[in-house]
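Peer 1: Sharing a structure, written as structure tokens. Questions coming.
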């Protein structure tokens, strides 16, 4: 049995033609290899570039602000309360029974207006009996004084008649001149006794009236007609507080009504003693967060010369000083004891070079900032002047328009790339 094996036919190269087409095949293969090598090289370069781009340093995002010229105000900021500049406490001038007070807190009061009434208190039975006895004793004393006056007047009249007779006898030579002079002296002495007795009689009559006045409320029938003492307001203002509204017995000096002018307010602020040394009377004071729109202008009147100890919210003992300011025009609705925020202006200028205090930090015993220059942070030492709450005066080291980094963190250093946050 015969087996036939068929071998694959080999492609025979074309015989070279006259125009050289057979020689182009090797050139095409070489070009393909070259293209593949170029593609591989480009891919490798792209991969290297991607890795380098991934590993490149990313600019640090920071907040920035520009140094600029403008006004600067240095203030001492503290919480304060409003107080009435003048307060009047009207007290009972006499002892008695206070009638019900009709005024209420907030009512307007004019000068001379009656704010309370005090009636004489009724007497108990024992006091009334004592009062009647005093009246009887005073009346008896008055009668005794009257009798003494009548007796002394009669004696004076008799002495004057005797003096006239002695003068006639002296002219006739029947008595001596000395006897007449003694009679004249006796008349003068008796006249003085009469004057003293009359004064004693008037005192006795006054004692009778006083005893009767003390007994005037002992009779219940006369209670309605008892003497009532009106208590009047000395000033114009508003009622702040009524100490006692209902009827009750009061002693002299008992507070009845508290008055004040709600439009005349002052501001009291307690500041640290280190800040108080920079505050002087007459400095401007701005009142904010009082509940209305805009700031109110006040002025420092006094700075207390004595400090006191106060424990802060963190439990730290602080030395505080009371500063009082006048509020010339109190707006409607602002009353006593209201909380406010006060800013005492200790220094201000209209045109200075300033930078935010959030960009300034301590460096080498002085101050410095990071300036953004061509996308990189550059350390710049500064010389500062006055410092406010949000801005500080720059005396040397910075120019207007230069951009500085706000709130620089530990990542910000000399030469670090930075980019401003949107």
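Residue numbers (the numbering used here): 154 to 575. Just so it is clear, CB atoms sit at the ideal spot from N, CA and C, and this is done for glycine as well. Being a predicted model, the structure only gives us computed values, none of them experimental.
1) Could you round the C-beta distance between residue 557 and residue 508 to whole angstroms and report it? I think they count as a contact, below 8 angstroms.
2) Report yes if the C-beta distance between residue 258 and residue 430 is below 7 angstroms; otherwise report no.
3) Which one or two residues does DSSP pair with residue 516 in a beta bridge?
4) By how many angstroms is the C-alpha of residue 387 removed from the C-alpha of residue 297?
5) Candidates 448, 511, 311 and 290: which alpha carbon is nearest residue 483's?
6) From 366, 443, 456 and 417, pick the residue whose C-alpha is nearest to that of residue 436; which is it?
7) Is the beta carbon of residue 532 sitting closer than 7 angstroms to the one on residue 547?
8) Terminal residues of the continuous beta strand (DSSP E) containing residue 269?
9) Should the region 212 to 232 be called in touch with the region 493 to 501, which here means at least 3 C-beta pairs below 8 angstroms?
10) Could you name the residues that DSSP lists as bridge partners for residue 439?
11) Ordered along the chain, which non-local residues of its own chain (more than five positions away) have a Cβ less than 8 angstroms from that of residue 528?
12) Taking the straight line between their C-alpha atoms, what separation do you get for residue 560 and residue 537?
13) By DSSP's criteria, residue 280 is part of a beta bridge. Which residues make up the other side?
14) By the DSSP assignment, the alpha helix (DSSP H) with residue 527 in it spans what residues?
15) Ordered along the chain, which non-local residues of its own chain (more than five positions away) have a Cβ less than 7 angstroms from that of residue 400?
16) Any idea if residue 461 is buried or exposed, counting beta-carbon neighbours within 10 angstroms, 16 or more meaning buried?
17) Once you ignore the five residues that flank residue 160 on each side, which residues in its own chain have a CB closer than 8 angstroms to its CB?
18) Using beta-carbon positions only, say whether residue 245 and residue 405 come within less than 7 angstroms of one another.
19) Find the nearest neighbour of residue 478 within the set 357, 506 and 451, judged by alpha-carbon distance.
20) Would residue 268 and residue 410 qualify as a contact pair, given that the criterion is a beta-carbon distance under 7 angstroms?
21) Would you identify the three-state DSSP class for residue 564, choosing helix, strand or coil?
22) Report back the beta-carbon spacing between residue 288 and residue 364 to the nearest angstrom; my notes put them in contact at under 8 angstroms.
23) Taking Cβ positions, are residue 305 and residue 344 nearer each other than 7 angstroms?
24) Residue range of the alpha helix (DSSP H) that residue 553 falls in?
25) When the distance is taken between beta carbons, is residue 222 closer than 7 angstroms to residue 501?
26) Here's the rule I'm using: 16 or more other beta-carbon atoms within 10 Å means buried, otherwise exposed. How should residue 423 be labelled?
27) From residue 472 to residue 464, what does the alpha carbon distance come to, in whole angstroms?
28) With DSSP as the reference, identify every bridge partner of residue 241, one or two as the case may be.
29) Are residue 361 and residue 266 closer than 7 angstroms when you measure CB to CB?
30) Can you list, in chain order, the residues of its chain whose CB lies under 6 angstroms from that of residue 549, leaving out five sequence neighbours each side?
31) Cutting at 6 angstroms between CB atoms, please list the residues of its own chain near residue 295, excluding the five before and the five after it.
32) With a threshold of 8 angstroms on Cβ separation, who are the neighbours of residue 565 within its own chain once the five nearest residues in sequence on each side are excluded?
33) Measuring alpha carbon to alpha carbon, tell me which of 381, 303 and 389 ends up nearest residue 349.
34) How long is the line joining the alpha carbons of residue 351 and residue 313, rounded to whole angstroms?
35) Does DSSP put residue 466 in a helix, in a strand, or in coil?
36) Write down the C-beta distance between residue 243 and residue 412 rounded to the nearest angstrom, noting that I regard them as a contact closer than 8 angstroms.
Peer 2: Straight from the coordinates:
1) 6 angstroms
2) no
3) 519
4) 46 angstroms
5) 448
6) 456
7) no
8) 267 to 272
9) yes
10) 450 and 496
11) 212, 570, 571 and 572
12) 17 angstroms
13) In the DSSP output, where bridge partners are listed per residue, residue 280 has none listed.
14) Premise fails: residue 527 is in no alpha helix (DSSP H) and is neither H nor E.
15) 250, 251, 252 and 253
16) exposed
17) With a pLDDT of 46 at residue 160, under the threshold of 50, the predicted position of this residue should be treated as unreliable, and no value is reported.
18) yes
19) 451
20) yes
21) coil
22) 4 angstroms
23) no
24) Taken as a continuous stretch (DSSP letters only), residue 553 belongs to no alpha helix (DSSP H), as it is neither H nor E.
25) no
26) buried
27) 9 angstroms
28) 412
29) no
30) 536
31) 357, 358 and 361
32) 213, 215, 523, 530, 558 and 571
33) 303
34) 19 angstroms
35) coil
36) 7 angstroms
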